[in-house]
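If you read the protein sequences in the order shown, they are chains A and B.
Under the working numbering, the first sequence has 93 at position 93, and the numbering climbs by one with no breaks.
So the number in the working numbering is just where the residue sits in the second sequence, counting from 1, plus 1000.
Just so it is clear, CB atoms sit at the ideal spot from N, CA and C, and this is done for glycine as well.
There are 2 protein chains.
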Amino acid sequence: MRSKGLTKEIIIAEAVMYIEESGHSTISLHELARRLEVKTPSLYNHIKNTKDLQHEVFRYAIDKFVANQNAAIAGRKKDDAIRAFSEAYYNFAMENKGLYRLIMSMPLDNDDMEKEMAVPLLETVINLLSDYGLHDEALAHWQRVLRAILHGFISQEDLGYFYYYKDVDSKKSREIAIQCFLNGLHAELGTI
Amino acid sequence: MRSKGLTKEIIIAEAVMYIEESGHSTISLHELARRLEVKTPSLYNHIKNTKDLQHEVFRYAIDKFVANQNAAIAGRKKDDAIRAFSEAYYNFAMENKGLYRLIMSMPLDNDDMEKEMAVPLLETVINLLSDYGLHDEALAHWQRVLRAILHGFISQEDLGYFYYYKDVDSKKSREIAIQCFLNGLHAELGTI
DNA sequence: TATTATAACTAATGGTATTAGTTTATTAAA
DNA sequence: TTTAATAAACTAATACCATTAGTTATAATA
C-alpha cells in the first residue's frame, strides 16, 4: 500500500492550517492523521516526532511574523516606525493566536537550533532601535523593554486580566505604554 | 478497604509540593496518586477532576503571591513601593516558577470563579498606584502598563529570549523599564 | 527479472483523564 | 447488638495521546 503522496511539507501545511484556524498552538498526531486520511504511525515516515513537527511550524510562524513586521515598518523611521511596529505586533498576535502562542510557548533553553530560529524575531526590534544611534548596551536594554511591553500586554489581555476594567479601552492603554517607552528612549538619548 | 486517611487537603498539599519543587505548573493524577500511594481513580473520591485540583492550587498560588507582595510594600509609598513591588514580583516568579507559570497559564475567559480568585492579584497593583491620586481611567491604564512590563520581562527571560545579549545584566534592564514607567507616571500626574 | 528501499499498514506499550461498578470498613440508625 | 447506609478505597474499562516494532506492497533500481 505504497504512497498516498504524503510529504513532510504536506504534513506541516496541514498542521499550520489547523493552528491558524483553531487558535490552538498544537495539533495532535491523531487529529493530524485523521485530517490527512492516514493512520497516526504513518506520519513517522516523514517526521521524527512531535517536537520535530513543532519546530517546523515554529519556523513558519517566525517567518510570517517577521514578514508582517517588516511590511509594517517599511519606509518608516524612529518613533513612527516603533508605533507602526507595535500596532502590527499586537494585530498579528490577535489575528494569529495559535501561531503567536506557539512562538511564546517555545522555551529556547536547551536547543541551539531553536535559538537560531528565533534570532530574526529579535533582530526586527534591534533593527528598529538602531535608528537611534544607541550604544550596544543601551540597545540591548531598550530592546528588552520594548519586547516586554508588547508581549506583556498581549499576554495579560489574552489571559483575561483586562476584564477588571473591561470598559477601559485597551488600545489606549497600549498607546500610553508605547508613548512612555518613547519618552524614556528620548531621555536616554539626552544622556549620551 | 476503607480510609487511608486521604483528604482533599492532603491531595492539594502534595500537588503544591510537587509544583513548587519541580517548577512545572501541573501534575498528572497518575503521578499524584503514585506519590500518595493510592490508585488514580481513588483521587476522584476527593476532587471533581483535574480542573478542580488546578483551581485549588491556583488559589494557593495567588494567596502566596499576594502575601509576598504585601510584605514587600509594607511601610512603603509611591516610587519606593513600586520599586520594592517590582523586585518582589520578579523574585517570586523566579523562586516559584511552577506557581507563577500556573497563574500565568490560567485563562480567565469563561469561568467567573477563576476571575474572582484572580482579583486580589489585580488589587495589589491598583492599591500601589492609588497613592498617586490618579483618576479612575488613568489608574486602569497605568495598572495595565505596570503589569505588562513586569510579566513581559519574566516571560521573555523565562522563554530564553534574553540569551541574545546574555552578558547584558537583566536586572539593569528591569530597572530601566521601571524608571521609564515611573517617569511616565509622573508626567501623567503633571497633566492633571 | 530480482533486489532494495520506501511508504503505508497493524499491533503493541505506556502515559493521560475519566467513569462505572465492586468491595469493605466504619459510622449511624434500628 | 445487630443492621443498614455511607464513604473510601479498589478493579475494569474507555478513550485519547505519542511512540516503536514489525509487516506488506509497490515503485525504482540493479
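Open item on the list: Strictly below 9 Å CB to CB, what residues from chain B border residue 120 of chain A?
Closed with: Residues of chain B with a Cβ closer than 9 Å to the Cβ of residue 120 of chain A do not exist; the shortest Cβ-Cβ separation is about 11 Å.
TODO: Kindly indicate which three-state DSSP category residue 86 of chain A falls into: helix, strand or coil?
DONE: helix
- [ ] Output the distance between the C-alpha atoms of residue 1034 of chain B and residue 1028 of chain B, rounded to the nearest integer angstrom.
- [x] 10 Å
TODO: Using a Cβ-Cβ cut-off of 8 Å, state whether residue 1107 of chain B counts as contacting chain A.
DONE: yes
- [ ] Compute the beta-carbon to beta-carbon distance between residue 1177 of chain B and residue 1154 of chain B, rounded to the nearest angstrom, for a pair I have assumed lies under 8 Å.
- [x] Actually they do not touch by this definition, with Cβ atoms about 12 Å apart.
Task: Buried versus exposed call for residue 1190 of chain B [16 or more other C-beta atoms within 10 Å across all chains shown] - done: exposed
Task: Under the three-state DSSP convention, the category residue 1018 of chain B falls into - done: Helix.
Task: Length at least 4, wholly inside the segment 1082-1144 of chain B: the alpha helix (DSSP H) runs in chain order - done: 1097-1103 and 1112-1129
TODO: Given a cut-off of 8 Å, decide if residue 1143 of chain B and residue 1119 of chain B are closer than it, judged by their beta-carbon atoms.
DONE: No. Outside cutoff.
Open item on the list: Would you call the segment 1128-1147 of chain B in contact with the segment 162-178 of chain A, where contact means no fewer than 3 C-beta pairs closer than 8 Å?
Closed with: Taking 8 Å as the limit for Cβ pairs, the verdict is that the segment 162-178 of chain A does touch the segment 1128-1147 of chain B.
Open item on the list: Just to make sure I have the definition right: I need the residues of chain B whose C-beta is within less than 8 Å of the C-beta of residue 141 of chain A. Which are they?
Closed with: 1168, 1172, 1173 and 1176
Open item on the list: Please state whether the Cβ-Cβ distance between residue 1103 of chain B and residue 1053 of chain B is less than 8 Å.
Closed with: Going by C-beta atoms, residue 1103 of chain B is not nearer than 8 Å to residue 1053 of chain B.
Open item on the list: By the DSSP assignment, the alpha helix (DSSP H) with residue 53 of chain A in it spans what residues?
Closed with: 50-73
TODO: Could you tell me the distance, in whole angstroms, from the CA atom of residue 1087 of chain B to the CA atom of residue 1097 of chain B?
DONE: 15 Å
Task: Beta-carbon separation (whole angstroms), residue 92 of chain A vs residue 65 of chain A, contact threshold 8 Å - done: 6 Å
Open item on the list: 8 Å is my cut-off, CB to CB: does residue 85 of chain A come that close to chain B?
Closed with: In terms of beta-carbon proximity, residue 85 of chain A stays away from the interface with chain B, with every pair separated by 8 Å or more.
- [ ] Select from the segment 1179-1192 of chain B all residues with a C-beta closer than 9 Å to any C-beta belonging to chain A, and list them in chain order.
- [x] 1179, 1180, 1181, 1183, 1184, 1185, 1187 and 1188
TODO: Step through the CB atoms of chain B and report whether any lies within less than 8 Å of the CB of residue 117 of chain A.
DONE: no
Task: Proximity to residue 1063 of chain B [Cα-Cα], best of B:1187, B:1004 and B:1116 - done: Cα-wise, what sits closest to residue 1063 of chain B is B:1116.
Task: 8 Å Cβ cutoff, residue 1113 of chain B in contact with chain A - done: With 8 Å as the cut-off, residue 1113 of chain B does not count as an interface residue toward chain A.
TODO: Give the C-beta separation of residue 1121 of chain B and residue 1114 of chain B to the nearest angstrom, bearing in mind that I take them to be a contact with Cβ-Cβ under 8 Å.
DONE: Residue 1121 of chain B to residue 1114 of chain B, Cβ: 11 Å. No contact.
Task: Within chain A, partners of residue 1155 of chain B - CB distance below 8 Å - done: Simply 104, 148, 151, 152 and 155.
- [ ] Assign residue 1105 of chain B to one of two classes, buried (16 or more other C-beta atoms within 10 Å of its C-beta) or exposed (fewer than that).
- [x] exposed
- [ ] Determine the chain B residues that contact residue 145 of chain A at a beta-carbon separation under 7 Å, and present them in chain order.
- [x] At a C-beta separation below 7 Å, residue 145 of chain A has these neighbours in chain B: 1173, 1176, 1177 and 1180.
- [ ] Could you tell me the distance, in whole angstroms, from the CA atom of residue 68 of chain A to the CA atom of residue 1123 of chain B?
- [x] 36 Å
- [ ] Let me know if residue 130 of chain A comes out buried or exposed under the rule of 16 or more other beta-carbons within 10 Å of its beta-carbon.
- [x] exposed
TODO: Just mark residue 25 of chain A as buried or exposed, buried being the case when its beta carbon has 16 or more other beta carbons within 10 Å.
DONE: buried
Open item on the list: With a threshold of 8 Å between beta-carbons, can residue 1137 of chain B be considered close to chain A, or not?
Closed with: yes
TODO: Helix, strand or coil for residue 1076 of chain B, going by three-state DSSP, please let me know.
DONE: coil
Task: Helix, strand or coil at residue 1172 of chain B according to DSSP, with G and I counted as helix - done: In the three-state DSSP reduction, residue 1172 of chain B falls in the helix class (H, G or I).
Open item on the list: Looking at chain B, is there any beta carbon in it that lies within less than 8 Å of the beta carbon of residue 65 of chain A?
Closed with: No, no contact with chain B.
Task: Residue environment, residue 74 of chain A, which counts as buried when at least 16 other CB atoms sit within 10 Å - done: exposed
Task: N- and C-terminal bounds of the alpha helix (DSSP H) containing residue 1037 of chain B - done: Counting along the chain, residue 1037 of chain B falls outside any alpha helix (DSSP H), and DSSP gives it neither H nor E.
TODO: At 8 Å on the CB atoms, spell out the chain B contacts of residue 162 of chain A, in chain order.
DONE: 1144
TODO: With DSSP collapsed to three states, give me the class of residue 47 of chain A.
DONE: coil
Task: Where residue 153 of chain A sits in the DSSP three-state scheme - done: helix
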